[in-house]
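The numbering of the sequence shown is full-length UniProt numbering, which starts it at 1 and goes up by one. Glycine is no exception: its CB is placed at the ideal position from the N, C-alpha and C atoms. For clarity, every value in this text was computed on a predicted model and none was experimentally measured.
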Amino acid sequence: MAHKRPSVKKSRIGIALGSGSARGWAHIGILRSLEEQGIVPDIVCGSSVGALVGAAAATGCMDRLEAWIRELKRVDVVGYMVRSFMRSESIQSEKYLGEIFGQALAETRIEDLPKRFGSIATDLDTGQEVWLRKGPLLSAISPSIAFPGLLNPVHHDGRWLVDGGLVNPVPVSLCRALGADIVVAVNLNGDLLGRNRYGPVDSRDGKKSTSNRDLWEKLALPFRKKRGEDTPLDTESEPEPIPPGLLEVVTGAINIMQDRITRSRMAGDPSDLTLAPHLSHIGLLDYHRSDEAIREGRACVERSLPALDDLLRRGGVWSEEDSFRRFSDS
Numbered sequence: 001m002a003h004k005r006p007s008v009k010k011s012r013i014g015i016a017l018g019s020g021s022a023r024g025w026a027h028i029g030i031l032r033s034l035e036e037q038g039i040v041p042d043i044v045c046g047s048s049v050g051a052l053v054g055a056a057a058a059t060g061c062m063d064r065l066e067a068w069i070r071e072l073k074r075v076d077v078v079g080y081m082v083r084s085f086m087r088s089e090s091i092q093s094e095k096y097l098g099e100i101f102g103q104a105l106a107e108t109r110i111e112d113l114p115k116r117f118g119s120i121a122t123d124l125d126t127g128q129e130v131w132l133r134k135g136p137l138l139s140a141i142s143p144s145i146a147f148p149g150l151l152n153p154v155h156h157d158g159r160w161l162v163d164g165g166l167v168n169p170v171p172v173s174l175c176r177a178l179g180a181d182i183v184v185a186v187n188l189n190g191d192l193l194g195r196n197r198y199g200p201v202d203s204r205d206g207k208k209s210t211s212n213r214d215l216w217e218k219l220a221l222p223f224r225k226k227r228g229e230d231t232p233l234d235t236e237s238e239p240e241p242i243p244p245g246l247l248e249v250v251t252g253a254i255n256i257m258q259d260r261i262t263r264s265r266m267a268g269d270p271s272d273l274t275l276a277p278h279l280s281h282i283g284l285l286d287y288h289r290s291d292e293a294i295r296e297g298r299a300c301v302e303r304s305l306p307a308l309d310d311l312l313r314r315g316g317v318w319s320e321e322d323s324f325r326r327f328s329d330s
């Protein structure tokens, strides 16, 4: 009598989308490229911008998000920051989420999504990591992207919450907790330290990028005009070497912090595979450089296809026939 082979439970794939501000647009290229390869995560978790892109993917709003970010210009980013500083107050993240998604997020609950979703936020009073896994989707994204000083803290269940990247930049642990058997992590900050990012940088598409010093000039100009100093700072007469500007110091410090926290967290909660797009040429506030980030996200997946193939075959997600067919078609 023939014995029936026991069924093999298919491994659930989770993706942990890391923080990184403007570099987070690479998540779009990564998710689109994975989908084209037939890799659709069952579980999506995100921290900071990773939560934003992850929510767009989970709700089918990726096209809307991509269309919005491709319209962003550097002047839009500078104008937004100037308004924030001039009003001496932060901006509500819900306002900008509404501009991007309309009512798509406001009317959606995490429990109703076709895949499991979670985001990370930080308790501003205690520094505790907060997992947001149920309730209105908007309430899970808003605190996770609330970058201190730019976006308002969000009051949630009696606590003031801010950006999740402060405590868990790549939320592998949350992916595991939501039931992922295989976790693919996306670390946006893996190649940042040790690179000279001061001054103008040539972007990979051949266009010249304006330096963070120029951005700081634009931010400082309204305050200098109030004091009757309406001329730009004379940077030509500064002695060499020119020290980094305030904005460069702040973003550099954030890079160091996130790199150290990411290394520590992922040592304790390792992923099965980490995708690390090359994004050191894109600054934290270079939101207008979405084309470059998205392209590099796609390129990162292409470079990682052999490792992805091996991982998914070992995890029982792909068969040998699936693997052969995918690589034959590529």
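Beta-carbon contacts of residue i that lie in its chain and below 7 Å, excluding the five residues immediately before and after
| i | result |
| --- | --- |
| residue 192 | 255, 259, 280 |
| residue 153 | 124, 146, 160, 161, 162 |
| residue 183 | 14, 16, 172, 175, 176, 271, 272 |
| residue 295 | 29 |
| residue 311 | 182, 272, 273 |
| residue 166 | 122 |
| residue 101 | 61, 64 |
| residue 282 | 22, 23, 289, 292, 293 |
| residue 241 | none |
For residue i, the three-state DSSP class (helix, strand or coil)
| i | result |
| --- | --- |
| residue 248 | helix |
| residue 14 | strand |
| residue 61 | coil |
| residue 163 | strand |
| residue 6 | Here the model assigns residue 6 a pLDDT of 41, short of 50, so the residue's position is not dependable, and the following value carries that caveat. Coil at residue 6, not helix or strand. |
| residue 273 | strand |
| residue 182 | strand |
| residue 40 | coil |
| residue 109 | strand |
| residue 27 | helix |
| residue 145 | coil |
| residue 317 | coil |
| residue 32 | helix |
| residue 170 | coil |
| residue 242 | coil |
| residue 312 | helix |
| residue 255 | helix |
| residue 126 | coil |
| residue 21 | helix |
| residue 100 | helix |
| residue 289 | coil |
| residue 284 | coil |
| residue 302 | helix |
| residue 268 | helix |
| residue 54 | helix |
Residue i versus the options, residue with shortest Cα-Cα distance
| i | options | result |
| --- | --- | --- |
| residue 97 | 118, 129, 61 | 61 |
| residue 180 | 291, 23, 118, 109 | 118 |
| residue 266 | 290, 185, 293 | 185 |
| residue 116 | 167, 122, 55 | 55 |
| residue 135 | 143, 304, 302, 108 | 108 |
| residue 284 | 249, 101, 141 | 249 |
| residue 304 | 94, 241, 33 | 33 |
| residue 292 | 245, 66, 19, 142 | 66 |
| residue 158 | 19, 143, 268 | 143 |
| residue 36 | 149, 306, 302 | 302 |
| residue 23 | 53, 40, 39, 38 | 53 |
| residue 342 | 94, 269, 39, 189 | The chain is shown from 1 up to 330; residue 342 falls before or after that span and cannot be answered. |
| residue 151 | 246, 49, 58, 244 | 49 |
| residue 19 | 244, 51, 263 | 51 |
| residue 94 | 70, 126, 141, 59 | 141 |
| residue 187 | 38, 263, 268, 240 | 263 |
| residue 275 | 257, 253, 306 | 306 |
Residues of its chain near residue i, where Cβ-Cβ distance is below 6 Å and the 5 sequence neighbours each way are ignored
| i | result |
| --- | --- |
| residue 171 | 16, 45, 47, 120 |
| residue 277 | 26, 296, 297, 300 |
| residue 133 | 118 |
| residue 356 | Because residue 356 is not part of the residues shown, which for the chain are 1 to 330, the question remains open. |
| residue 106 | 138 |
Beta-bridge partners of residue i, as assigned by DSSP
| i | result |
| --- | --- |
| residue 132 | 119 |
| residue 45 | 16, 118 |
| residue 156 | 159 |
Own chain partners of residue i with C-beta closer than 8 Å, once the 5 adjacent residues on each side are dropped
| i | result |
| --- | --- |
| residue 99 | 68 |
| residue 72 | 287, 288, 290 |
| residue 139 | 132, 154, 156 |
| residue 168 | 47, 120, 129, 174, 261, 265 |
| residue 12 | 42, 43, 179, 180, 181, 182 |
| residue 40 | 13, 34 |
| residue 70 | 290, 291 |
Query raised in the report: Counting pairs of Cβ atoms below 8 Å between the segment 25-36 and the segment 108-118, do you hit three or more?
Result: no
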